[in-house]
Structure formats: C-alpha cells, structure tokens
C-alpha cells in the first residue's frame, strides 16, 4: 500500500478535511514489511487551501479545480499523476440553494468532468468513491434499502440521483455512499457552516426554548465512521484490485427525529429537556420540500465492509468531549 495516491475532491470542506486527516494518520506496517502511507492531494474551488490544514498534514498537495469546466485536472495529471483512489466530497449540498438554482446543482453535483478526466487514463485503475445522500429517497417509510426506488422530492436529491446514474453508466470502478447527516468534531481548519450537534448545543446552552421537528427522521452518522468506511473501501481496492460497482446506504444505526437529536444533546450536557419544543415540520416553510422519513437500512454496508457505525448517543458524547478540549 506504500506510496498509493489519494485525491480528495472538495478537500477544504467538512468531510474532505476529516478524510485527509484519516488517510494521513495511517502509518506503520502495511503488510509484507512495507510501511503504509499515502501520497495525498486535494482540490479546492471556492475556499483557498487553509494554512492550518496544510500545516497539519505534511507534503499535502492542493490543486485549484473547476468541477463544471474540468479546468485544473491536467495540472494534477502532470504533477501528482493518476490517483489510486479519488474521494468526491464536492457538492452543492444546501437543499435550499439547490432549489433556487437547480441548474447549478446539476452542474456541480453530477461529476461529469471528474469522470471524463478519470477515463482519460488508459486503465480504469482508479477507484471513485462518491458521496451521495439519503435525500434520494422519497421519505414515506422507514429504513430504506439500496434497491428501493429513488424518488427525490427536491432539486438537491434529483441532482444526486442524476450523479449516481451518470457514474454507474459511465465509469466501471466506483463505490457510491448514500450518506445521512454527518456529525462530529470541528475540522483542523474550522469550516464556516454550522455543524449540527454544535448548533443544538449552542442554542440549548443559552437556556431559551427552541423548536425541533418531531416528524422528520434521519440516521445521522459519526464523521469518523464515514472516514473508516472510506478507508475500508480504499484498502479493499488496493489489496484486491477487483473493480467495484457498489451502492451503499451510509447512516448510523439509530433512526432519530430532530427532537430526539436535541434530547440526546440535552441528556449528554445535562440541559433541561423542557427547552425542547416539539413541532411538526409542516409548521415551517423552508423554501424547499424536505422528505419526512429517510432513515436507512445499513445491513449491506456492515456486511460488505465490516464497519459498524457507533450509536447516535455515543457519537454525540464523543463530539462534545472533543469540542470541550479544543
């Protein structure tokens, strides 16, 4: 595994930074007496490479890439070479922003220039790990399975379904991960967007009552479990060399409402649960349709990779413990 090249597309974002950190922390014996370390690079577009990230991970290469035009990929070819693994974390992922500009959502979220670039290499010996979403499901039942029909209710979900189809029709070696809400500690270079557990903690800590939906269900997944899943896929490809065509639900083991998420934070922190006011999702107009129940069955993920994501409560406890130290 020594010297394998990994490219993280969208490496300045929340998941991208955690993935880079995960790969950078793999040291030691890679089997057969070789030490396992990865050559790491990432792409960025709207956010310049943050110094804390570059300082934390030695020899990390950064490339400015426009995913819509594909500009910048040639520079990666000439100085980094063909990656063994590409992890695509780049997306327009705010549902409301996608609703306002569905064309931009399609242009960014369907990775046509990335796939075209990967196909320019003679052999398809790059594994593409692509992040999709639980929002591909309609949200009318609990615990969706991968083979259930994808019937997205908003432009974000539609763009992610289009991306899944594009990859499976055009590229032979991929793993698509349908992710639920990803939560966990802040990144090496803090991201500006609000993080779910930290946000709930922040509003409850002020002692004011806050409204949460009791009828919207998700399977939030701890960020370090997501990293473990991506590492497991990468190692599988590198050690076995068998092309994959995988589609996996990637959530945590617990189906929780927004109210239950808030109650868990209150429990871990010792806040008064009466601050949490239970309301229906239908009582608020968010400018975008949001699926009610997109909880997922993760049996296939656990069986395929042997990674069992931790419970929501344990993830919240770890997240808040990490935040307290930083």
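Numbering (UniProt numbering), first residue to last: 1 to 326. All residues carry an ideal CB built from backbone N, CA and C; glycine is no exception.
One question on the structure: do residue 261 and residue 178 come within less than 7 Å of each other, judged by their Cβ atoms?
Locating residue 261 in the chain shown gives position 261, counting from the first residue. Locating residue 178 in the chain shown gives position 178, counting from the first residue. Not in contact: residue 261 and residue 178 (Cβ atoms no closer than 7 Å).
Take residue 180 as the anchor and find which of 173, 93, 75 and 165 has the nearest alpha-carbon.
For the purposes of this step, residue 180 is taken as the residue at position 180 of the chain shown. Nearest C-alpha to residue 180: 93.
For residue 114, I'd like the list of residues in its chain whose CB is within less than 8 Å of its CB, leaving aside the five on either flank, ordered along the chain.
Translated into positions along the chain shown, residue 114 becomes position 114. 9, 67, 70, 73, 86, 88 and 128.
Put residue 328 into one of helix, strand or coil per three-state DSSP.
This structure does not reach residue 328, given that the chain is present from 1 up to 326, and the question cannot be answered.
Cβ contact (3+ pairs, closer than 8 Å) linking the segment 184-198 and the segment 137-155
no
Okay, do the segment 278-294 and the segment 230-239 touch, 3+ Cβ pairs below 8 Å being the bar?
no
Please list the terminal residues of the continuous beta strand (DSSP E) segment that includes residue 4.
Looking up residue 4 in the chain shown gives position 4. In the DSSP annotation of this structure, the continuous segment of the beta strand (DSSP E) that includes residue 4 starts and ends at 4-9.
Mapping the DSSP letters down to three states, classify residue 216 as helix, strand or coil.
If you number the chain shown from 1, residue 216 lands on position 216. Residue state, collapsed to three classes: coil.
Whole runs of the alpha helix (DSSP H) within the segment 225-313, excluding any shorter than 4 residues
258-269 and 299-305
Going by beta-carbon coordinates alone, are residue 309 and residue 252 separated by less than 7 Å?
As a position in the chain shown, residue 309 is number 309, starting the count at 1. As a position in the chain shown, residue 252 is number 252, starting the count at 1. Result yes, Cβ atoms of residue 309 and residue 252 sit closer than 7 Å.
Taking the CB atoms as reference points, tell me whether residue 275 and residue 317 lie closer together than 7 Å.
Counting from one through the chain shown, the residue named residue 275 turns up at place 275. Counting from one through the chain shown, the residue named residue 317 turns up at place 317. Cβ atoms of residue 275 and residue 317: not closer than 7 Å.
Is residue 288 closer than 7 Å to residue 99 when the C-beta atoms are compared?
Position 99 of the chain shown, counted from the start, is the residue given in the question as residue 99. Position 288 of the chain shown, counted from the start, is the residue given in the question as residue 288. Cβ distance < 7 Å, so residue 99 and residue 288 count as in contact.
Does DSSP put residue 156 in a helix, a strand or coil?
For the purposes of this step, residue 156 is taken as residue 156 along the chain shown, with counting starting at 1. Helix at residue 156.
Looking at residue 255 and residue 216, is the spacing between their C-beta atoms short of 7 Å?
Here residue 216 corresponds to residue number 216 of the chain shown, with the count starting at 1. Here residue 255 corresponds to residue number 255 of the chain shown, with the count starting at 1. Going by C-beta atoms, residue 216 is not nearer than 7 Å to residue 255.
Reduced DSSP secondary structure (H/G/I, E/B, other) of residue 76
Taking the first residue of the chain shown as position 1, residue 76 is located at position 76. Collapsing the DSSP output to three states places residue 76 in a helix.
Sheet register partners of residue 171 (DSSP bridge):
Taking the chain shown and counting its residues from 1, the one referred to as residue 171 is at position 171. Bridge partners of residue 171: none, in fact.
For residue 142, which residues of its own chain have a beta-carbon under 8 Å away from its beta-carbon, when the five flanking residues on both sides are left out?
The residue you call residue 142 lines up with position 142 of the chain shown. Here the set comprises 217, 255, 293 and 295.
Kindly list the residues whose CB is nearer than 8 Å to the CB of residue 60, restricted to its own chain and excluding five residues on each side of it in sequence; keep chain order.
Here residue 60 is taken as the residue at index 60 of the chain shown, counted from 1. The beta carbon of residue 60 lies closer than 8 Å to those of 20, 24, 40, 41, 42, 53 and 54 in the same chain, with the five residues before and after it left out.
Quick check on residue 34: does DSSP put it in helix, strand or coil?
One-based indexing of the chain shown puts residue 34 at position 34. Only weak support exists for where residue 34 lies, its pLDDT of 43 falling under 50; the value from the coordinates is given anyway. Correct three-state label for residue 34: coil.
Candidates 14, 82 and 77, of which the one nearest residue 5 by Cα
Taking the first residue of the chain shown as 1, we reach residue 5 at position 5. Closest by alpha carbon: 82.
Thinking C-alpha only, which one of 162, 65 and 155 is nearest residue 117?
On the chain shown, position 117 is the one that residue 117 refers to. When only C-alpha atoms are compared, the closest one is 65.
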